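Taking it in order: structure first as structure tokens, then the write-up.
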Amino acid sequence: MAGTAVFAELVDEDGAFKYYSYGEWKKSSSGKSVAIINPTTRQPQFKVQACTQQEVDKLMDEAKTAQKSWAKTPLWKRAELLHKAAALLKEHKVAIADCLVKEIAKPAKDAVTEAVRSGDLVSYCAEEGVRILGEGKFLVSDSFPGNERTKYCLTSKIPLGVILAIPPFNYPVNLAVSKIAPALIAGNSIVLKPPTQGAVAALHMVHCFHLAGFPKGLISCVSGKGSEIGDFLTMHPIVNCISFTGGDTGIAISKKAGMIPLQMELGGKDACIILEDADLDLAASNIVKGGFSYSGQRCTAVKVVLVMESVANALVDKVKAKVVKLTVGPPEDDCDITPVVTESSANFIEGLVMDAKQKGATFCQEYRREGNLIWPLLLDNVRPDMRIAWEEPFGPVLPVIRITSVEEGIHHCNASNFGLQGCVFTRDINKAILISDAMETGTVQINSAPARGPDHFPFQGLKDSGIGSQGITNSINMMTKIKTTVINLPTPSYTMG
Ligand code: NAP
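Just so we're aligned, residue 12 is where the sequence shown starts under this note's numbering, counting upward by one.
Written out as structure tokens, the structure reads:
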């Protein structure tokens, strides 16, 4: 369980979890800690160190030095260590899952899945890195007009340096390793700032990398509130790249960060378009899974349903029938709907619900809330003047907008400032392709709910949903830069065959 057995060294004498620097677990000199509130009990569950700027400076220096020798470590050796970390993550899945249940109220089974999926991601990354980083390009000069064959150009991928990784609360382990593993295989060092809710799960994950035996200073983990230590980290001169996943904070970071590569995975308002010829049973299952899994706290959750009026009644009835079957309660009981992460999140969701009520949305269920626990709610007849039509509730509340043409659905989707994913349900593949092309989103799923995985698929958001593309291969490439060496020959050289 959290902070016991091999994880006991993470806890200081006051019961606070330590931060990780230069291969050691340390207590911050600030003497301050940050409380992590259990979303279910709403009582303090854990506490983590509030790191100081001096501590950040020190570990950044160490990260810079460690990276230089790591880049000289053969690729197959880097991969070997990542495979060890992957195995340790899986071995300690129960302890990691225990933290996820208590810190972010993730249903017990999903919490274990997150730890296992993270191990798989690290292994895949090691394998993919060995393949793609071992390859380069060879160009010759005479393919460009005016040149003889006198220049041979060799390209290879080299690391960026120190990568700052900032994941969000909803997948604090998986979205941390999706940054850590590509960074390390590509020869970078990593400084991780985990979300406050989810920090202890992330510290347990970091300990698995520690146990795998990575060099001192290569991996560091700074804890503390993002609002206090965040700017210092993101504007730190030693940072060579920021990989961030979260909400609008990412937009602010991108304005402040210097001339360094950014990978931003931000919010979404994923639309689900249902055509008249759709398989409504399939659509309803996907809407419920996509809209209500982990209580709607997923970047790729279905966040608005746009259904053709002629099939809307039938679809809403099918979705309603499934929503009543969702279990509601504590994550320990593996309920479908568990408390949302904080009281302020619950208040925000309630604000959207009340706005929709005032403006005349149809409530398919009675609105019910106890503490952070909000019962699943489907809102029918939502109109564009309601906040819920555009804003991301990040909770178990799903709006349905009835449309009279496909164009209306596409227009609503494209009028959003987000552009993460979308989905379309139809039996007509030709229409599906046309709609996919017309939707201004990073991905469109045909006949399935939006989803981030499998983790090797490219994953990107347009507009306010992000910068760059993730997915294992893209992340490895993003965390490298191209280096070329040109061999100049005194005379043209041609192979005769
Ligand atoms: P958030 O409030 O933006 O926080 C994300 C991370 O940023 C946390 O680690 C947070 O630390 C840190 N942070 C806060 N202020 C900072 C600052 N000034 N500088 C640097 N870091 C700072 O997001 P969240 O509530 O954790 O996550 C929910 C959001 O993430 C939703 O909008 C969701 O759509 C999005 N999301 C997107 C994806 C994607 O791939 N597109 C995936 C998952 C989630 P603290 O916790 O200490 O504040």
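Think of the CB as a built atom: it goes at the ideal place given N, C-alpha and C, for glycine as much as any other residue. Since the model is a prediction, treat every value here as computed from it, not as a measurement.
- R463 sits buried, since 16 or more C-beta atoms from the chains shown fall within 10 Å of its C-beta.
- Closest in alpha carbon position to W401, among R413, L363, L389, is L363.
- For E24, no alpha helix (DSSP H) encloses it, and the DSSP letter there is neither H nor E.
- Rounded to whole angstroms, the gap between the alpha carbons of V59 and G235 is 7 angstroms.
- Taking the Cα of G301 as reference, the smallest distance to any Cα among A289, C283, D292 is reached at C283.
- The C-alpha of G241 is placed about 17 angstroms away from the C-alpha of A46.
- DSSP places N425 inside the alpha helix (DSSP H), whose first and last residues are 417-426.
- Exclusion of the five residues before and after G420 leaves I284, L317, I414 as the residues of its chain whose Cβ lies within less than 6 angstroms of its Cβ.
- CA-CA distance, D281 to Q54, rounds to 33 angstroms.
- Assigned with DSSP and collapsed to three states, D153 falls in helix.
- In this structure, the C-beta of E354 stays at least 7 angstroms away from each heavy atom of ligand 1.
- Between K104 and V133, the CB-CB gap reaches or exceeds 8 angstroms.
- If you draw a 10 Å sphere on the C-beta of S32, you find 16 or more other C-beta atoms in it, and that means buried.
- A distance below 8 angstroms separates the beta carbons of L21 and H218.
- With a threshold of 7 angstroms, the Cβ atom of I177 counts as near ligand 1, since some heavy atom of the ligand is closer than that.
- Around the beta carbon of G224, fewer than 16 other beta carbons lie within 10 angstroms, which makes this residue exposed.
- Taken from the Cβ of T260, at least one heavy atom of ligand 1 lies inside 7 angstroms.
- When the alpha-carbon of T454 is set against those of F468, N441, L214, the nearest one is in F468.
- Per the coordinates, the alpha-carbon of S486 lies some 29 angstroms from the alpha-carbon of A119.
- Counting only residues of its own chain and dropping the five nearest sequence neighbours on each side, K148 has a CB closer than 7 angstroms to the CB of T166.
- DSSP places C252 in the strand class (E or B) of the three-state scheme.
- For Q78, same chain residues with a beta-carbon under 8 angstroms away, outside a window of 5 residues either side, are P170, G172, V173, G198, N199, S200, L229 in chain order.
- The three-state reading of DSSP puts L273 in strand, counting E and B together.
- Taking every protein chain shown into account, the CB of I196 has 16 or more other CB atoms within 10 angstroms, so this residue is buried.
- Within the chosen limit of 7 angstroms, ligand 1 reaches the beta carbon of P206 through at least one heavy atom.
- A contact between stretches requires three or more CB pairs, one per stretch, nearer than 8 angstroms, and the region 262-274 fails this requirement with the region 200-213.
- DSSP places L431 outside both helix and strand once states are collapsed to three, so it counts as coil.
- Looking at the DSSP output, E239 shares a beta bridge with no other residue.
- When G479, F436, E354 are compared, the shortest CA-CA separation from M275 is found for G479.
- DSSP places Y305 in no beta strand (DSSP E); its state is neither H nor E.
- Secondary structure within the region 50-132: the alpha helix (DSSP H) runs of 4 or more consecutive residues, fully enclosed, are 64-83, 86-102, 104-115 (chain order).
- Apart from the 5 residues on each side of it in sequence, G279 sits with its Cβ closer than 7 angstroms to the Cβ of C310, T311, K314, E403, F429, L431, Q432, G472, S476 in its chain, given in chain order.
- About 5 angstroms separates the CB atoms of V233 and C62; that is less than 8 angstroms, so the two are in contact.
- For P183, the closest of K204, M489, G140 by C-alpha to C-alpha distance is K204.
- S167 carries a strand assignment under DSSP once its states are collapsed to helix, strand and coil.
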